[in-house]
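In the working numbering, the protein residues as written are 10 to 180.
Each residue gets a CB set at the ideal place from its N, CA and C atoms; glycine is no exception.
Here you go:
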């Protein structure tokens, strides 16, 4: 660090053990792949070099998420227990556990067709982010600084006073 002049500086993002696209930067500040490149961050594939355990399953043995049965009473759903499923959206594998399928049946909910990390990430996207923008109140036009939201980018925005009036009127 002394030789390259970085002594005393904050550690570079390239030192992070976390894959950039799975980091808080993407969740809270909507960072993208181009930001990872600009910051010289780690951009390796999610399952590279055995990151998800030993490679015991060849690609042709992986099941596809679009083939997951959505009928809970379908006996074919039991055939999915313990079998590797590949979520192409985030390039990760997952599997269904026996207790998990039992839970879905008891609660009468369809089994998910996405990796749990993708589902948790999307839940985080529903919250307001750490990135801000200027907007105006829909009722009075007052200028506001509001948090961006990835799931609801075109939402209604009220100032505090008009929001409280809206809640009182609409319940």
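Report the CB separation of residue i from residue j in whole angstroms; it is logged as a contact under 8 Å.
{"i": "residue 56", "j": "residue 100", "result": "7 Å"}
{"i": "residue 160", "j": "residue 123", "result": "So it is not a contact: roughly 15 Å between Cβ atoms."}
{"i": "residue 95", "j": "residue 102", "result": "5 Å"}
{"i": "residue 131", "j": "residue 149", "result": "With a Cβ gap of about 33 Å, residue 131 and residue 149 do not count as contacting."}
Quick one: give me the first and last residue of the beta strand (DSSP E) that residue i is part of.
{"i": "residue 153", "result": "152 to 156"}
{"i": "residue 95", "result": "94 to 96"}
Tell me, which residues are paired with residue i by DSSP?
{"i": "residue 141", "result": "156"}
{"i": "residue 105", "result": "90"}
{"i": "residue 72", "result": "94"}
Let's see if you can read the secondary structure: which residues bound the alpha helix (DSSP H) around residue i?
{"i": "residue 175", "result": "169 to 179"}
{"i": "residue 22", "result": "No alpha helix (DSSP H) holds residue 22; DSSP gives it neither H nor E."}
{"i": "residue 38", "result": "33 to 38"}
{"i": "residue 48", "result": "From DSSP, residue 48 is part of no alpha helix (DSSP H); its letter is neither H nor E."}
{"i": "residue 131", "result": "125 to 135"}
Taking the Cβ atom as the reference point for each residue, do residue i and residue j lie within a distance shorter than 8 Å?
{"i": "residue 145", "j": "residue 39", "result": "no"}
{"i": "residue 19", "j": "residue 50", "result": "no"}
{"i": "residue 181", "j": "residue 107", "result": "This structure does not reach residue 181, given that the chain is present from 10 up to 180, and the question cannot be answered."}
{"i": "residue 120", "j": "residue 128", "result": "no"}
{"i": "residue 110", "j": "residue 126", "result": "no"}
{"i": "residue 117", "j": "residue 86", "result": "no"}
{"i": "residue 157", "j": "residue 141", "result": "yes"}
{"i": "residue 179", "j": "residue 166", "result": "no"}
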